[in-house]
Amino acid sequence: MSADPFTCRICCLGAGYVGGPTMTVIAKMCPDVKVTVCDLSERRIAAWNSKNLPIYEPGLQDIVEAARGKNLFFSTDIDTAVREADIIFVSVNTPTKKTGIGAGMAADLQYWELAGRHIASIAEGPKIIVEKSTVPVKTAAAMARVLQANSKYAFQVLSNPEFLAEGTAVEDLLRPDRVLVGGEQTPEGLAAIDKLANIYRRWVPVEKVLTTNLWSAELSKLTANAFLAQRISSINSISALCEQTGADVDEVAHAIGVDTRIGPKFLRASVGFGGSCFQKDILNLVYLCRSFGLPEVADYWHAVITMNDYQKQRFAEKMVAAMFNTVSGKKIAILGFAFKKDTGDTRETPAIHVCEQLMKEGAALSIYDPKVSVEQMNYDLGSPTPDKVCMEQDAYIACAGAHAIAVLTEWDEFKTLDYVTIYQKMVKPCFIFDGRNILDHAKLRDIGFQVFAIGKAFSNETNADESASSAARRYSALRALLTAGLGVSSALLRQVK
Numbered sequence: 001m002s003a004d005p006f007t008c009r010i011c012c013l014g015a016g017y018v019g020g021p022t023m024t025v026i027a028k029m030c031p032d033v034k035v036t037v038c039d040l041s042e043r044r045i046a047a048w049n050s051k052n053l054p055i056y057e058p059g060l061q062d063i064v065e066a067a068r069g070k071n072l073f074f075s076t077d078i079d080t081a082v083r084e085a086d087i088i089f090v091s092v093n094t095p096t097k098k099t100g101i102g103a104g105m106a107a108d109l110q111y112w113e114l115a116g117r118h119i120a121s122i123a124e125g126p127k128i129i130v131e132k133s134t135v136p137v138k139t140a141a142a143m144a145r146v147l148q149a150n151s152k153y154a155f156q157v158l159s160n161p162e163f164l165a166e167g168t169a170v171e172d173l174l175r176p177d178r179v180l181v182g183g184e185q186t187p188e189g190l191a192a193i194d195k196l197a198n199i200y201r202r203w204v205p206v207e208k209v210l211t212t213n214l215w216s217a218e219l220s221k222l223t224a225n226a227f228l229a230q231r232i233s234s235i236n237s238i239s240a241l242c243e244q245t246g247a248d249v250d251e252v253a254h255a256i257g258v259d260t261r262i263g264p265k266f267l268r269a270s271v272g273f274g275g276s277c278f279q280k281d282i283l284n285l286v287y288l289c290r291s292f293g294l295p296e297v298a299d300y301w302h303a304v305i306t307m308n309d310y311q312k313q314r315f316a317e318k319m320v321a322a323m324f325n326t327v328s329g330k331k332i333a334i335l336g337f338a339f340k341k342d343t344g345d346t347r348e349t350p351a352i353h354v355c356e357q358l359m360k361e362g363a364a365l366s367i368y369d370p371k372v373s374v375e376q377m378n379y380d381l382g383s384p385t386p387d388k389v390c391m392e393q394d395a396y397i398a399c400a401g402a403h404a405i406a407v408l409t410e411w412d413e414f415k416t417l418d419y420v421t422i423y424q425k426m427v428k429p430c431f432i433f434d435g436r437n438i439l440d441h442a443k444l445r446d447i448g449f450q451v452f453a454i455g456k457a458f459s460n461e462t463n464a465d466e467s468a469s470s471a472a473r474r475y476s477a478l479r480a481l482l483t484a485g486l487g488v489s490s491a492l493l494r495q496v497k
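Residue numbering for the sequence shown follows this note's numbering, starting at 1 and increasing by one per position.
Structure, rendered in structure tokens:
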């Protein structure tokens, strides 16, 4: 009998945006570890075993193809993978509850609990169970109780939250800022922590592999996403003020970002944040705070979501107002539907809200995104009729005959489009609404576009009354500051007037 070529066997339940890339990188960096990624979806597993992966991440396809069939496997045979595994990652979906107690905020843990019960029913020995899904604090304790009640074997439950950003997931896994492993502070728990941590220490510097208790690890994930989303909502709130005062949000962001206490990351004003994590995790945090009798803390974090919703709605309303207060019957080109570049993920994308608002106003939308499928866009928008929404495979076709363009995803290709040609084929006056501040606005204005950008003055005012109105608002605001004794000089007030 030949010796087992693998020193450790890992199984991951869930072949989605987290499980697939994470297991792929572990397989790449640990060739002596057998990694099996399992999912109930035959279609998804078939895609992982093909040249057309079910998710798009730069560099992922090459790594999968290099390891697949050697020490990386994708399978629907969950039972076999669980039985032979030493470590089982659970990376199943934990969406926000839609009904019942905590609906709209609390995490729905039914799939997580079902996974635990299934593991307990088929395991033939002790296992290390790893939380990879984003879950509320104390979930690991609940999982341990489920396992203990349904199996005679001993299980150690660890928390190993992911800190990936879609579009850079492979790089984040290869060179992470930190890896966090939490577990019970018992001899058995510490041994389990060390076993999982040693997997990551194969390529991650020792000082970046952090170990904590279970509760700290679980809460760290929610807190990290809450802080990142908070920064986006903070700069977006300032963008609204910039548009009223004549300040430039990019200049403001740079000025505060060079402060080493603040730093420049996540200070890019935009139409709003999206993705599967930020809103879900903040709502989860809000629900936890209210459950533990901390309403003031809950309200503080819920304001981050409120500001994000306001930014998306404000952008749509700006579009309608700029286009003479009506978009009924007008074709509007939507460039970008994914929630960010370098991914095909549309979960909670701001594009959905903006498109829905424009459709309510009677606009005809022509949408182009280089990575989002037509089927996905149709699903997200409720399968609209072709006269309402048309999905195109080319940006120039999407823009032809349009009254306006809205850039809703920061794809690099949108920066290099031939806007002179696009302008010539649009209905005049032509509007561009840059929801990501990625375009050369001065050049676009020289071409003839009316340009609106987040956090910047709408300098191509459509008439003198609007320009006067903006000046009047700034003058009134400065007068109020002077009246309040906040240091606005009379000379400055006269200059603005």
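Ideal Cβ positions, reconstructed from N, Cα and C, are used throughout, including at glycine.
Since the structure is predicted, the reported quantities are computational estimates derived from the model, not experimental observations.
Does the distance from the C-beta atom of residue i to that of residue j stay below 9 Å?
i, j, result
"F431", "H403", "yes"
"F452", "M319", "yes"
"A85", "K152", "no"
"L439", "A351", "no"
"S328", "A363", "yes"
"I232", "F266", "yes"
"C38", "D4", "no"
"V181", "L196", "yes"
"L13", "S121", "no"
"L222", "N150", "no"
"L214", "A141", "yes"
"M143", "Y287", "no"
"Q230", "V304", "yes"
"I422", "C390", "no"
"A398", "K371", "no"
"Y111", "I55", "no"
"A400", "K425", "yes"
"A123", "R83", "yes"
In three-state DSSP terms, what is residue i?
i, result
"M426", "coil"
"G182", "strand"
"Q230", "helix"
"L164", "coil"
"C277", "coil"
"M105", "coil"
"A67", "helix"
"L381", "coil"
"T80", "helix"
"I454", "coil"
"F89", "strand"
"F74", "strand"
"A395", "helix"
Let me check you understand the geometry: is the CB of residue i closer than 8 Å to at least one non-hydrogen atom of the ligand ATP?
i, result
"L365", "Ligands are entirely absent from the displayed structure, and the ligand ATP is therefore not among its contents."
Buried or exposed for residue i, going by 16 or more other Cβ atoms inside 10 Å?
i, result
"E65", "exposed"
"L40", "exposed"
"E218", "buried"
"T94", "buried"
"R436", "buried"
"P295", "exposed"
"V420", "exposed"
"W48", "buried"
"G272", "buried"
"I10", "buried"
"S220", "buried"
"H353", "buried"
task = Starting from the N-terminal side, write out each stretch of the alpha helix (DSSP H) that is 4 residues or longer and does not extend beyond the segment 108-173.
result = Listed in chain order, they are 110-122 and 139-150.
query = At which residue ranges does the segment 191-230 contain complete beta strand (DSSP E) runs of 3 or more residues, listed in the order of the chain?
reply = Counting whole runs of 3 or more residues, the segment 191-230 contains the beta strand (DSSP E) stretches 209-212.
query = Okay, do the segment 19-39 and the segment 65-75 touch, 3+ Cβ pairs below 8 Å being the bar?
reply = Yes, the segment 19-39 touches the segment 65-75.
task = Specify whether the segment 363-376 and the segment 339-355 touch according to this definition: at least 3 beta carbon pairs, one from each stretch, less than 8 Å apart.
result = Inter-segment contact for the segment 363-376 and the segment 339-355 is present: three or more beta-carbon pairs are separated by less than 8 Å.
request  = Report yes or no: do the segment 159-175 and the segment 185-192 share at least 3 C-beta pairs separated by less than 8 Å?
outcome  = They do not touch, by the three-pair rule.
query = Of all the alpha helix (DSSP H) runs that stay within the bounds of the segment 248-272, which reach a length of 4 or more residues?
reply = Secondary structure in the segment 248-272: the alpha helix (DSSP H) runs of 4 residues or longer, each lying completely within the stretch, are 249-257 in chain order.
ask   = What are the start and end residues of each continuous beta strand (DSSP E) run of 3 or more residues lying completely inside the segment 1-72, in chain order?
value = Under the rule that a run must span 3 or more residues, the beta strand (DSSP E) segments found entirely inside the segment 1-72 read 8-13 and 33-38.
request  = Note down, one range per segment and in chain order, each beta strand (DSSP E) of at least 3 residues found wholly within the segment 317-391.
outcome  = Correct list: 331-335, 364-368 and 389-391.
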